[in-house]
Every structure is written in C-alpha cells, then in structure tokens.
Amino acid sequence: MTRTMLLAGAALSGLAFVSTTSPILAQTPPDQLVIALNMSSMRGLDPQELNQFEAAEVVANLYDRLVTLPADDITQVEPMLATEWDVSEDGRTFTFTLREGVTFHSGNPLTARDAEYSLRRLVKMGLAPARDLTQWGLTADNVDQMIRAEDDTTLIVELPEVWNSQLVLYSLASFSASIVDSELVEENARDGDYGTSFLQTSDAGSGPYTLRTWRANDILIAEAFDDYWDGAPAMRRVLMRNVPESSSQRLQIQAGDIDIATRLSSSDLQALAANEDVTIQTTPGVGFYYIALNQQNEILANPQVREAFRYLVDYEGLSNTVMQYYGDVQQTIVPQGMPGALPDERPYSLDPDRARELIAEAGYPDGFSLTYYATPVTPEYEIAQSIQANAAEAGITLNLQSGDHIGAFRSRDYELFSARTGDRMPDPHAVFASYAVNPDNSQEANSSGLMAWRAAWDVPLEMQNLVEEAAHELDADRRAEIYTELNRMYLESSPPLITSFQRTDARAIRAEVQGYQGSTTWITSWDEVTKSEN
Amino acid sequence: MTGLIDTGGQSLHDWLIDEDIKSRRQALAQRWYFGLRHLLSSPIAVLGLVIVVALVLAAAFAPLLATHNPYRQDLGRALLAPSSAHWMGTDELGRDVWSRLVYGSRTTLYITMLVTVLVAPVGFLIGALAGFIGGWLDTVLMRLTDIFLAFPSLVLALAFSAALGPGIENAVLAIALTIWPPVARLARAETLTVRNSDYVASARLQGASTLRILWRHLVPVCLPSIIVRLTLNMASVILTAAGLGFLGLGAQPPLAEWGAMAAAGRQYLIDAWWLTTFPGLAILLVSMAFNLLGDGLRDMLDPRKG
Amino acid sequence: MTAVPSTSARRTRAGFSILRRGGASIGVVVTTLLGLLVLTFVVGRMVPADPVIAIIGDQADQAAYDRVYSDLGLDQPLWRQFASYVGDVVTLDFGESNLTRNAVSTDLARVFPATVELASAALIIGTLLGVPLGVAAAVRRDSWVDHLARVVGLVGYSTPIFWLGMMVLLVFYAKLGWVPSGGRVGIYYEGLIEGPTGFLTLDAILARDWETARSALYHLMTPALILGYANTAYISRMSRSFMLEQLQQEYILTAQAKGASRQSVVWRHAFGNMRVQLLTVIALAYCGLLDGTVLIETVFGWPGLGQYLTTALFFADMNAVLGAVLLIGLISIAINLLCDIAYRMLDPRTK
C-alpha cells in the first residue's frame, strides 16, 4: 500500500513540477498575430458559400477581389486585382483591367478567366452570398453571357438593368466576389459541386496569406504568402484560436498570450479599457439588434401592439451595461453616417405604462401571452431577458425559449424572435432591400431571404417602390433625399421589425499591434498589421 | 395519536417496541419505527435530513426569506458585489442573487419531486412485470434497460433534452428517462425474491389478478428499496439537472435555477465571482444532503450493507 | 462527479451485464447495438432545429433550401431513412458535419484521442489515489484515513463538476496564474506535432519535442486532476467496500490465525481476491468519465468529444450529434462487454 501511495505522490509532484516551472509567455512573438475568437459559427471557407463574419475575415486574407473597400473609408472603392475599371455610358457594362503577373498560392497564374469563373460560380451556386450579384438581375441562366473574360486581363460584367454603379462595385468588393483558382477548384470538383466540398476546408486563393491548418472549433493557422503581388506581409503567421469564454479571452490578452480578443462581454471590455496595454476598437456594422413580431399573429398584427414593444426596450439601461460596446441606440433604419441617416430621431424610451395603455387601446386590457425565441449568447440573451421583464410589467407574458431558432424564424414559424443582422454593403440599400422589400407576402412565395417576409409584413407598396427607385438613382443627393424619406416612413409605419441598437463589433487589441482595423464590410485585412518593439 | 392507530390498548411507544407482534401492521410499523430511530441515531444522516428539510422550508417560505423580488431587474444596479443591501450581490441584469437562490430551491425541489413521481411507478411497474411474468416480456424489458444503462447518463439526458427542446419539464423528462432503468432492475430483483413465496402463491391460487398481486404484495416489498435508491439518486438528479442548466438545456429565463445561474455567471467570472460561487455551493450542499440521507436510509432499511 | 459514481455504482450493484443470460451470443450483442441505433436515430429525428439552415445559412433562397433538404434525404419516409442510417453506420459513414464540413467519422477520429487522453489521465489519477485510499480506509476502519475517505467520497459525489472547474479557473488561473486557461497545448505549439497516436503528450514525447510535451502536460493537468478527483471518490468507495467484504471472509481469519503478517494478509490474500472486482469497477469508471468529460471539456475548452457534442447539439448538427452519441454508446457497451468477459475468465468463483 505504501509503495502505491509513494508512486501516486511521485506522479502528483511531477505534475506540480510541470506547473510551477512552465514558462508563461509574456508576449506573442513579434512576427505572429494571435486572434482569439468563438469559432463555433465558422463553418467553411468557401468564399462563394459562406455568409459569416469570422469566416469572411479569413477568406478576405486568403483571397483577393477585383476591387476593395479600405477599412478607414468604406465608401471609397479602391483597386485590388483590377488596376482600373470603366463603366459604359448607359451604366450597364463594367470593364475591368486585371493586374498582370499575379499568381495563386498553387503557382497557377491569375487571369481574367479565373475572375469570370469565380463570379459565375457565385451566381450559379445560388447560396446565401449569391444575392450580392443576383440582386442586380444576374441569374444562373444569364450569367454566362453577362460575365465574360475578353482576354487574359479584361473582364466584362454586364447587367440587365441600370443600377447605381457604386452599389455594384460595393458588391464586387465583397468577400463573396473573391477570385478563386479555377484550375485547382476544377481539379477537385466532385460531380458538379463546383469544388465546394474541397473549398470549404482548403484555400485556392492569391491573397497575402495561405491556409496552413484549420481544425474546426479549435484552431486556424495562416502563413504569409511570400510571392504576394503587393509584397509579403509583416506577420509570418496568423493564429486564430477558439476561445469561446469571454473571461478567458480577457485574461489571455492581459497576459499577452493573445493579441486580439473578439468576443468579450461588455463587463470584460470595460475592465480592459482601463488597461494601458490594451486598446478597445469598435467597428460600426451595417446591421441592427431587432425584435421581429410575426404579422401572422393576430395580436402582433395590431399597429398599437407593435408600437407598445418599442416602449419595452430599456435603451438607456442596456446601453450603459451589456450594450456599451455592442451597439448604439438606434430607432430608425438607416445606419449612422450613411445617406438618409437621422441620428437625433429617438422618439422612444422605456415606458411599460405607456405600453400597457397602447395594448389596452388595441383591445387587450388584460395583456396577452406569447412565445419568444432568442439565442443564448451575449448580448442577445441579456436583451431578451430584459425585454421579457419589462413586458411582464406591461402585462405581457413572454415565454422565453433559448436555442438556435433561426430556422423557425426563416419559415415564419414563431411569434416573437430577436437577434441581430449584419449586412456588408456600406449603403442603406443593403438594409432596405431586406427590411422593407417583400413583393409577395404569401406563404408560397417563400422569400425566406427577406427579413420583411420572415416577419410576414406586407410592406406598403409606396415604400417598396422608393427602395427600388433609390437603387437605380445615379444622383447622390437625390438618393440621400429618398433615403431620408424612407427612413421616416419606416419609423412611422410602426414596423414589425423593431430596431433598438445599431450593431458595433468590439475588439480588444494589444497596444503593440498596429494596423489592425476592423472592417464594417467584413473584409478586415491582416497584411497591414505590424508590431512595435517594446 | 393513539386514536389513529389501533394499538390494542397499549401506549403507542409500547406498541411499537412490543416484541410480541400481534398484526402485520404492527410489524411494519415497528420496522419503520426502529429504522427511524436508527436513522436519527446517526448524526450524519440527521445532518442530511436537516438540510433537506431546510430546502423544503426555503421553498415553502421563499417569499419571506427573499429580500428582493427575484425577477425584478434593474440594469442600473447590475453586477454589484455582496453588501448589506444584496447579501450575495446582484447578477448581470441587476437581480438579487440571494433572492434568486432562495426561489431556486423551489426549482430544485420541483425537479426532484417530479422525477420521483415519474420514475418510481414506471420503474416499479416495468421491473415488477418483468420479474413477475418473466419469459419473453422479461427478456425484452431487461434488454431495453440494458440499452439505456449502457449510456453514460448525462450524455443520454443531453441527447433527450436536446431532442425534446429546452425547458424544465423536458429536462425532468430527459432525466427521468435516464434513471428509471436501475429502479426497474431493483424492482425486478425484489420481485424475483418473493415471486415464488407462499403468500404470493396463495394469493394466486385465490385467483387474485396480476395487478392486485403487484399492488397488494409487491409494492410493500419493493417500496423501501426504491425509496432508498431514489434518494441516493437524487444527488445525481440534481447534478444532472444543473449540468443541463449549465448547457442551457434546462430551465428557461426568468425562472431561477441554480445550474443556469452558475452558467450565466461564467461570462462574468472574473469580476463577479459571486454569480457562480453561490449557486454552485447551493447545489453542492443539497446534493450532499441527499447523499447523506440516502446513506442513512440504506443503513436503516438494510443494515447489512453499511 | 456528475453521475460518475451513480452511473457506475448502480451498474455494479444491479449486476449489469450484457451477457447475463444465455452466454455471449452474437444475437444479444446485435440486438443491443440495434437498439442503440434506434435510440440515436429517434433522438436525431426529434431535434427541433433545422439542419438545412445550418448548412446553407440564414439568408439563402428557397431553391437552395429545397435542394439541400432532398440531398440530406429528409424527404424520404422514416423507415427508409432509418435503413439508410443503419447502412451508413455499418460502413462507418456518419455523414458530413454541418459545422465543420468534414465527414463526421473524420471529426470523431480527430477529437476522440483528446478525450481518451484526458479520461485516461483522470483514470490513472483516480486509480492511484482511490485504490490505496479505499484499501487503507477498510483496513483501518473508523480511523482518520477512513474518515478522510468518506469525506473525499462524499464531496466528490456531491460537487457539480462544471462548477468545480470554474472555481479552479477562478482561483488558480485568474487570481494566481498557476494553471493555463484551457486548450490542449500552448498556442505556439499548435500544429507542430501531428500523430501518430493522437495523444498529444505521448506524440510529443515520441517526437522528443520536450517543449511541446511539457506544454501539453501542463494543459492536461488541471482538467485531469478535477476529473481524477471525481474518480477517486468513486474508486475509493468501491475499493473500501470490496476490501471490507474480503476482510470478513473465512480464509482471512484462517490466514491470520496461521500467523500470516497483516501486510501479507491484506495485500496477498484480500487484495488478490478483489482484483477482478476492482478491474471491473475501474473499467466502468471509464464509462462514467465520458460523462464528466462533456462538462469539463466545455469549461476548459478541451477540443475533445464532449465539446464536439455540446457544440453540435447547440447548432443542431444532427449527424455530428448522432455520431458522437453513438460512439459513446458503443464504447460503453464495449467496455461492459469486456468487463463481463474478463470477469468470467479471471474470477476464480466463476471457473
């Protein structure tokens, strides 16, 4: 017995030895960038398939696009693979001249054929991000005629209708318009899947980084591409690690184990803001924290009931606590800083008594009871619980059900639902095209990509026409005018898609890291990043 | 007291210790009486009993014990450290942690009671039928329990409650689905010991139905061991429920449930240690109490296995 | 601690045995496996969240939805879905995970070694501490060792393991900085060692990469100790009761009467006789550990089967859930089966 106990003791003291003598790295190496994030929603790296914030950042660095939007001036279209472009006089034809001498990571040369292949691939696959191009009238049937390479360096993109050319260029700067190595993808295609099962976990790009390792929900390692046309980036390796816990991320960035923390709770961000070694960066997003009220529900279809919910959000309390770094109070529908925005228009505040009056006027003096779906992640869950408590004070019982309910929302099989949206186009059109366009509200139409359809909202025709008009309008001032009008109309219509906060994405960044600028359009780039000596 | 029980003129105490047992009822009553005395003679079991009673009292008098409304939010007072105003601090929505802890005792009690009510009869019925009737029914039922037993119970509960959807009733159902097999096994074993006994045989000869035999003869035999089994299992029920709550599959907001409270505190672990620490301690205390009580009960009903 | 003791304890007590009746017939094993498949299949079909959305994302149009729906075979009748499910499982094809875009079997092969590594380390700790503690408690009944064993057991049985993990992180990581926060290895050692066993610590040692090995061991230590403690509680309690049982046997008294030393009586005679029982308990403890790892992996960000399962559950990644649950079920059945066989072969009484 004593011998066994000795053995056990020896084993334990061995463990203790490891623990006390193990070095705690004070800093990450000067040529490596370490990003901590919650990887669980990162489900694949095929640029023409994914539609997700974190994966988009990876793809943005593995691939190049024809044009790009710099993070510090997101409305300024800049050259990337295309050195110049030209819009025909009728506004329907875009001609891009491609950079010469660019090679993919595979060594294959990048030509206009690859660009043609990639954009056609996006439209033909018809998955979530395809809307970037299909909204301009491109379809699987016409794309072979409309998008074509004239020669190795000339790409033509033709549209069936005239649209504001800036909007079209924004779409081509999206991660979804990344140019893939057509030869490599075709080699790995399996029975007409456009090589998607290959691209989900591999890289066929020409960007500043190559994919070294990706283990889902664990780690992603990217390495610098030495032959990048714009010069090899300063960071030799970028490591992304799955650290789902906010508190772990906070401690790790304090200790210098990681350079960038991305999914911190407001209280952790608040604590880090006081730390000199760390800066907090917030990036505004083209999206909102919203509550969706299903209009198929008789109670919720009442405009007064809809308005009552606007009085159940604790705008002030939330913005001082959980939302401090996650969003800015916003009751209108055009994001701040964009044409048509109304920054001072905030008619609502928390007022359960007023809400009670409104639902009484609507014919529900005794209140009502509804089921409320929300996702149990911060800050959505805190918002949902806050709304639930305020609703209770107004006599409304909300049975909160946590879980991944996005499927029910898409198929209109819910009563109340709240979450947040994120669009990528730096223009109000992106928001209106989803929140205020719903040409056919029938169940059969199944326009499940549209927020308005999901809310079963029969959007007033006048609004829908204005959205259409603004997208075609070429004159910037006139567009701003239309959007201002639309913004007001939306607010006054007592919409079933209630916006409470405009989304911001907060990151904590070590002070020695320079040049990491979160992008509103999801294409945060790593190749400008440097680290100062300490 | 004596009015309730016919003690044949003796005082209740004398009747309970009289070695000259005159009726079956007296034998049974004596068995419980000695057991109870045995239980109360063990300080450890008494401690368990006291904590469980305290839990019941806390649940019953929650409105009196709570210093605040457990559901009342105040974002202006979020994440306050323990103080005289908030004994255990406030949570991320400004609710009083102590008050939520007190009301959480109701949730815990609700879960344990419901599981017991579901599992005891179902487990008994399956086990007793398998043991009493035997043959292919026995094979099928026991094969079924084997399959359930082969799974680690949390994984099984996890799978079930994910399938049933979140919510406390579903969590209870999922837990019940994982703990009936040992109860059935136990009921079967107890049934086998008396199946061929004289009094069951004579009852059969008198034409008693299976149901009647189960009720009259097998329930009294199986009940004590099922109770002990379930009490011992209560700790694991509480821990499993807390685990489900921790993974977001148990109680839904705003209901106060200790596992979910501890889980919510995870987000704020560094600055607000009280959010996780107190609910965890409460779970520890109550499951420990059930373990102590269960051990005591087992000693009481079956001193051999001490 | 969650369910670790109860699951396994109730098994040994109730005499859980797949081969209880009729010997090791292949038929019994097959029906048990089939039942397992029915169970996982039913559970999988009951999951409310939409697996199609998980694949195509939240903004795709209906045509894309319909295509994926039929690709997944969801438009087929249920019995046909089950039949093809069984066929797939037999060929180790668990489908593709929506979350990772890999074949589930590939994912399982990747995450499983991490769990085995953690559970094995915990089992070693639990055995090394639990057996001597339990034996000592039985030999010196009602001494301080016995009381210590009781307290260890009681606390171990009653502590919510996820909470213990969080408390350890709070004190030893956040406040004291003695232990790492999570993961399998320091981030700079990521991706340096791959294979051949999948147990990172072992692989690093085989590759003579001492730095990585140390980092891996350092990360393994905390979760393994916590799980190991839960195991100690269980194993020591069982060892104690086995030893007590042995010490009351006739032959022990005889041996003692013949003048055998106390040491020799305890270790040669009593321990020798309880070896088989103990082996069974340790094997069953391993099943219980699979439970514990689910929660501990979540707390410590350990990229193993448990974390894989909970993430998949949350996102309704049906194939991954079914694959992981099935794997856990299969392992448990296999362990139980091996225990039975070992018991039959080794136990002198069954010979």
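Chains as they are written, first to last, in the UniProt record's numbering: chain A, 1 to 534; chain B, 1 to 306; chain C, 1 to 351.
Positions of the beta carbon are idealized from the N, C-alpha and C atoms, including for glycine.
Cβ-based burial, residue i [other Cβ within 10 Å; buried from 16]
| i | result |
| --- | --- |
| Pro-5/C | Only weak support exists for where Pro-5/C lies, its pLDDT of 38 falling under 50; the coordinates are left without a value. |
| Ser-215/C | buried |
| Tyr-290/A | buried |
| Leu-212/C | According to the sequence as given, residue 212/C is Thr; it is not Leu. The residue in question, Thr-212/C, is buried, as its Cβ has 16 or more Cβ neighbours within 10 Å. |
| Glu-187/A | exposed |
| Thr-91/C | exposed |
| Gly-14/A | Note that Gly-14/A has pLDDT 45, beneath the 50 cutoff, so the model's placement of it is unreliable and no number is given. |
| Tyr-516/A | buried |
| Gly-22/C | Residue placement at Gly-22/C cannot be trusted, given a pLDDT of 41 that sits under 50; what the coordinates show is reported in the next sentence. Counting Cβ neighbours within 10 Å, Gly-22/C comes out exposed, since fewer than 16 surround it. |
| Leu-169/C | buried |
| Trp-180/B | buried |
| Gly-135/B | exposed |
| Met-300/B | buried |
| Asp-64/A | buried |
| Ser-369/A | exposed |
| Ser-332/C | buried |
| Asp-268/A | buried |
Proximity to residue i [Cα-Cα], best of the options
| i | options | result |
| --- | --- | --- |
| Trp-87/B | Arg-100/B, Gly-259/B and Leu-93/B | Arg-100/B |
| Tyr-229/C | Asn-336/C, Ala-136/C and Gly-153/C | Gly-153/C |
| Val-68/C | Asp-193/A, Asn-61/A and Thr-68/A | Asp-193/A |
| Leu-109/B | Asp-271/B, Ala-235/B and Leu-301/B | Ala-235/B |
| Gly-287/A | Gln-48/A, Asp-31/A, Trp-522/A and Leu-167/A | Trp-522/A |
| Ser-161/B | Thr-240/B, Leu-293/B and Thr-276/B | Thr-240/B |
| Asp-72/A | Leu-122/A, Thr-520/A, Ile-498/A and Phe-225/A | Thr-520/A |
| Ser-132/C | Ser-241/C, Ala-204/C and Ile-187/C | Here residue 132/C turns out to be Pro, not Ser, going by the sequence shown. Comparing Cα positions, the closest option is Ser-241/C. |
| Leu-249/B | Ala-66/B, Arg-216/B, Ile-168/B and Leu-186/B | Ile-168/B |
| residue 354/C | Phe-300/C, Ala-138/C and Asp-203/C | The structure shown does not extend to residue 354/C, since chain C is modelled only from 1 to 351, so the question has no answer here. |
| Gln-145/A | Ser-442/A, Val-123/A and Pro-109/A | Val-123/A |
| Tyr-85/C | Trp-178/C, Val-42/C, Asn-336/C and Leu-123/C | Val-42/C |
heavy atom of the ligand ZN below 7 Å from residue i C-beta
| i | result |
| --- | --- |
| Phe-96/A | Absent from the structure shown: the ligand ZN. Ligands present: none. |
According to a CB-to-CB cut-off of less than 7 Å, which residues of the segment 82-96 of chain B neighbour chain A? Glu-92 and Leu-93
Does the segment 392-406 of chain A touch the segment 363-374 of chain A, meaning 3 or more C-beta pairs lie closer than 8 Å? yes
In the segment 270-282 of chain B, which residues sit with their C-beta less than 9 Å from some C-beta in chain C, listed in chain order? Ile-270, Trp-273, Thr-276, Thr-277, Pro-279, Gly-280 and Leu-281
The segment 298-312 of chain C: positions lying closer than 8 Å to chain A by Cβ: Flagged, chain order: Gly-301, Pro-303, Gln-307, Tyr-308 and Thr-311.
Beta strand (DSSP E) runs wholly inside the segment 267-308 of chain A, at least 3 long, in chain order: 278-293
In chain order, which beta strand (DSSP E) runs of at least 3 residues are fully inside the segment 205-243 of chain A? 209-215, 219-224 and 237-242
Using 8 Å as the Cβ pair cut-off and three pairs as the minimum, do the segment 205-223 of chain A and the segment 231-248 of chain A touch? Here the segment 205-223 of chain A makes contact with the segment 231-248 of chain A; the two share three or more CB pairs at distances below 8 Å.
Runs of alpha helix (DSSP H) lying entirely within the segment 49-102 of chain A, each at least 4 residues, in chain order: 53-62
List in chain order: all unbroken alpha helix (DSSP H) runs of 4+ residues lying wholly within the segment 361-445 of chain A. 380-393, 406-410 and 428-435
Counting pairs of beta carbons, one from the segment 43-58 of chain B and one from the segment 87-96 of chain B, are three or more of them closer than 8 Å? No, the segment 43-58 of chain B does not touch the segment 87-96 of chain B.
Please list, in chain order, the residues of the segment 228-249 of chain A that have any C-beta partner in chain B closer than 8 Å. Glu-245, Ser-246 and Ser-247
Going along the segment 383-397 of chain A in order, which residues come within less than 9 Å of chain B, judged by CB to CB distance? Ala-384, Gln-385, Ser-386, Gln-388, Ala-389, Asn-390 and Ala-392
Quick one, which residues of the segment 236-269 of chain C are near chain B if we go by CB-CB under 7 Å, in chain order? none
For the 8 Å Cβ check, are there 3 or more pairs between the segment 260-272 of chain A and the segment 406-424 of chain A? no
What are the uninterrupted segments assigned as alpha helix (DSSP H) that are 4 or more residues long and contained completely in the segment 443-510 of chain A, given in chain order? 451-454, 461-472 and 476-492
Three CB pairs or more closer than 8 Å across the segment 388-395 of chain A and the segment 307-321 of chain A: Verdict: yes, contact present.
Selection of the segment 145-157 of chain B by Cβ proximity to chain C, strictly under 7 Å: Residues passing the 7 Å Cβ filter: Asp-146, Ile-147, Leu-149, Ala-150, Phe-151, Pro-152, Ser-153, Leu-154 and Val-155.
At which residue ranges does the segment 182-250 of chain B contain complete alpha helix (DSSP H) runs of 4 or more residues, listed in the order of the chain? 198-205, 210-213 and 219-246
Which ranges does the alpha helix (DSSP H) cover as unbroken runs of at least 4 residues, wholly within the segment 81-129 of chain B, from first to last along the chain? none
The segment 494-511 of chain A contacting the segment 318-332 of chain A, beta-carbon criterion three pairs below 8 Å: yes
Taking one C-beta from the segment 158-168 of chain C and one from the segment 280-296 of chain B each time, how about it: are there three or more such pairs within less than 8 Å? yes
Chain-ordered residues of the segment 284-305 of chain B with a beta carbon less than 9 Å from chain C: Leu-284, Leu-285, Val-286, Ser-287, Met-288, Ala-289, Phe-290, Asn-291, Leu-292, Asp-295 and Lys-305
Any C-beta of chain A within less than 9 Å: which residues of the segment 89-104 of chain C qualify? Glu-96, Ser-97, Asn-98, Leu-99, Thr-100, Arg-101 and Asn-102
Short-range partners of chain C found in the segment 116-136 of chain A, where Cβ spacing is below 9 Å: Sequence-ordered contacts of the segment 116-136 of chain A with chain C read Met-125, Gly-126, Leu-127, Ala-128, Pro-129, Ala-130, Arg-131 and Thr-134 [C-beta pairs closer than 9 Å].
Using a Cβ distance threshold of 8 Å, determine whether the segment 124-140 of chain C contacts the segment 306-319 of chain C, with at least three qualifying pairs required. No, they do not touch.
Would the segment 114-132 of chain A and the segment 169-185 of chain A be scored as touching if the rule is three or more Cβ pairs under 8 Å? Because the criterion of three Cβ pairs below 8 Å is met, the segment 114-132 of chain A and the segment 169-185 of chain A touch.
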